[in-house]
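Numbering (the working numbering), first residue to last: 521 to 1032. Even for Gly, the Cβ is constructed at its ideal location relative to N, Cα and C.
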């Protein structure tokens, strides 16, 4: 693997870093913006999930557009949208301006998430493809890590004594920081070449060959060029692919595999954990500041296990990583459900007297009362204080009232994150970039990306409702059972693509 190829893969996948940063930063932002705009459960879900809704649209069209005008041009536009979204989000003066600005960012990351692995697969050799495509996931988790570090740092600057950072301004800085990596992404994209496979398809053989030689050297470039041209010549007599063709018997199996992985990646709850991390940690009663700090630990765990996945994916293979990971995800989520199910809640008179910024007299009627589930406790708090006052002080109230094994839940969440980071996170995009023929690749990844993003949007949108209606324990139990079912499905249908060229994978998986 040349340094040049590694650099290009890293630059192209910086869109993943921005996606991760946006997803991580919003968990801290909503701790302040939610109470400031007095958002309902539905509005909170939409403010968080609206980028994923927009991503569904861009995923449907980005692949086809990149087939027409090239991967690089679309990625440049993506970087511009990221920068615009960061700027508008930071200056949002209302709930509506906030979600519209975030939807602009959603259009960007929807396109980036499918174009980066497609582009990287098209500049890679079979030997290093898994590692290079996994850089996309590494950048995503580095984005999460950077966001949680930023959240924790800025939250620490927001002190009760007053100063430059306040509850009304600190979340704007959290959002605005994203402008820096967005501009960097835009600039660096000018230094990457156009996709050699796309250039061959467009009849620009000379430029395509120069790119391959520059990336891999003369001998490897000749082999790659011959394989690419052979595949293209076979497809010349065929019409452009349409959505309906994805359901033809010849590629039905790999479509089912891709859709299964794409849906499982989201409906097991990964973005509920990431996008609402600070809120989830507060539910354990560790307090707001500790919840922000735990987000850093969560994102650091993701980085470590994503790096492990990059070393294993071309050695151990795609199938073992996915099966081990999805099994671990199920166990971890069920552990969280058990931990939350054992929790009790009680505010003593002494604890009520120690709560600041709360109308303590309103809480006196429920002093000493023991609640055996979070739903009844939160509803009692909201009835007593009102939704806005409770949401502003939820961390302190839960810290005082919660009696549970927070370490057990934290272990479950970190276990889930670790297992996801070496399985469903990176392996999905690697397999999607490998399984589909050149003719269908952009369209198929776009279609599955749409379903993946739709699943993500559903999870993000309903998760606040789940916590408010079903409670913590049942919400995590549902995710755990889904992961367990997913393990058995993947065990039955999942193929292995390790160490094969894109052309060989096509021969193995496509039925004629």
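query, result
"Cβ-Cβ distance between residue 544 and residue 668 below 7 Å", "yes"
"Inter-residue Cα distance where the pair is residue 552 and residue 984", "16 Å"
"Distance, residue 557 Cα to residue 615 Cα", "6 Å"
"Proximal residues to residue 692 (C-beta, below 6 Å), its chain only, five neighbours per side dropped", "610"
"Bounding residues of the alpha helix (DSSP H) (the contiguous stretch that carries residue 679)", "From DSSP, residue 679 is part of no alpha helix (DSSP H); its letter is neither H nor E."
"Cβ shell of residue 859 (< 7 Å), same chain only, five flanking positions each side left out", "924, 925, 928, 929 and 932"
"Residue 956 versus residue 819: straight-line alpha-carbon distance, rounded", "32 Å"
"Expected contact under 8 Å - CB spacing of residue 708 and residue 534 to nearest Å", "7 Å"
"Proximity to residue 880 [Cα-Cα], best of 909, 824 and 857", "909"
"Distance CB(residue 539)-CB(residue 629) smaller than 7 Å", "yes"
"Rounded straight-line distance, which links the Cα of residue 878 to that of residue 921", "14 Å"
"Residue range of the beta strand (DSSP E) that includes residue 1038", "This structure cannot speak to residue 1038, because the chain is shown only from 521 to 1032."
"Beta-carbon gap between residue 779 and residue 1010 smaller than 7 Å", "no"
"In chain order, each alpha helix (DSSP H) run of at least 4 residues that lies wholly inside the stretch 885-965", "894-905, 907-912, 914-921, 926-941 and 944-955"
"First and last residue of the uninterrupted beta strand (DSSP E) at residue 686", "It is not in any beta strand (DSSP E) - residue 686 carries neither H nor E in the DSSP assignment."
"Alpha carbon of residue 606 to alpha carbon of residue 698, nearest angstrom", "6 Å"
"Euclidean distance between Cα positions of residue 565 and residue 734", "47 Å"
"Distance CB(residue 695)-CB(residue 599) smaller than 7 Å", "no"
"Residue 1017 - partner residues in DSSP beta bridges", "Beta-bridge pairing links residue 1017 to no other residue."
"Length of the line joining the Cα atoms of residue 574 and residue 583", "15 Å"
"Host beta strand (DSSP E) of residue 866 (start-end)", "864-866"
"Integer Cβ distance of residue 635 from residue 529, believed to fall under 8 Å", "Not confirmed; about 13 Å, so no contact."
"Backbone CA spacing between residue 835 and residue 950 [nearest angstrom]", "14 Å"
"For residue 670 and residue 475, the rounded distance between their alpha carbons", "Absent from the model: residue 475. The displayed extent of the chain is 521 to 1032, so no value can be given."
"Presumed contact (8 Å Cβ cut-off) between residue 893 and residue 991, rounded CB distance", "6 Å"
"Beta-carbon spacing of residue 608, residue 627 below 7 Å", "no"
"Cβ separation of residue 787 and residue 975, assumed to be a contact under 8 Å, to the nearest whole Å", "5 Å"
"Pick from 785, 936 and 781 that is closest to residue 996, judged by C-alpha positions", "936"
"Residue ranges of each alpha helix (DSSP H) within the stretch 821-855, 4 or longer", "none"
"Residue 715 versus 702, 701, 744 and 940, residue with shortest Cα-Cα distance", "744"
"Start and end residues, alpha helix (DSSP H) containing residue 717", "716-721"
"Contact belief for residue 640 with residue 531 at Cβ below 8 Å, rounded distance in angstroms", "Contact doesn't hold; Cβ gap of about 10 Å is too wide."
"CA nearest to the CA of residue 849, picked from 938, 986 and 577", "938"
"Extent of the continuous alpha helix (DSSP H) to which residue 870 belongs", "869-874"
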